[in-house]
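Quick notes on the structure that follows.
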Amino acid sequence: MRYQGIQLVAERLAHGLQTFTGHRTLWIGPKGSFLHAEPEDELEPLGYRYVATFHRPSTSELLESLLSVIPVEPTYRLEFSRDLELDSNLAPVG
Numbered sequence: 046m047r048y049q050g051i052q053l054v055a056e057r058l059a060h061g062l063q064t065f066t067g068h069r070t071l072w073i074g075p076k077g078s079f080l081h082a083e084p085e086d087e088l089e090p091l092g093y094r095y096v097a098t099f100h101r102p103s104t105s106e107l108l109e110s111l112l113s114v115i116p117v118e119p120t121y122r123l124e125f126s127r128d129l130e131l132d133s134n135l136a137p138v139g
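First residue of the sequence shown? That's 46 in the numbering used here, and the numbers climb one at a time after it.
What follows is the structure, encoded as structure tokens:
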């Protein structure tokens, strides 16, 4: 799997959220940690970023939501033009 680390996080969150009967709101903290809380709890003033509110989500639902808020390194190669005008001390790479 391409995102094995975040897949594991999604699986653990899904498993943990199955024990709650009501909705839970998922937040990402200022240092990248995740936590879930009651939907009425506002954590933005504490530096947390809202991800989504769920009711017993599946792993795939959580993975999709997590990937929407976590920067993922691109898997494509950037194209460049050899016609760029570069300073004399710079050279194109590639």
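C-beta: ideal position from N, C-alpha, C; glycine also. Quick caveat, the model's predicted, so the values are computed rather than measured.
### Query
Over what stretch of residues does the alpha helix (DSSP H) that includes residue 104 continue unbroken?
104 to 114
### Task
Give the single residue among 89, 102, 100, 95 whose Cα lies nearest to the Cα of residue 114.
95
### Query
Which ranges does the alpha helix (DSSP H) cover as unbroken runs of at least 4 residues, wholly within the segment 51 to 113, from first to last along the chain?
none
### Task
Compute the beta-carbon to beta-carbon distance between residue 110 and residue 71, rounded to the nearest angstrom, for a pair I have assumed lies under 8 angstroms.
7 angstroms
### Rounded C-alpha distance that separates residue 93 from residue 60
22 angstroms
### Task
Give a yes or no on whether the C-beta atoms belonging to residue 56 and residue 98 are separated by under 7 angstroms.
no
### Query
Assuming residue 88 contacts residue 82 under a Cβ cut-off of 8 angstroms, what Cβ separation, rounded to an integer in Å, is found between them?
6 angstroms
### Query
Can you round the beta-carbon distance between residue 52 and residue 108 to whole angstroms, since I take them to be within the 8 angstroms contact cut?
6 angstroms
### Message
Using 7 angstroms as the threshold, is the C-beta distance between residue 79 and residue 73 below it?
### Response
yes
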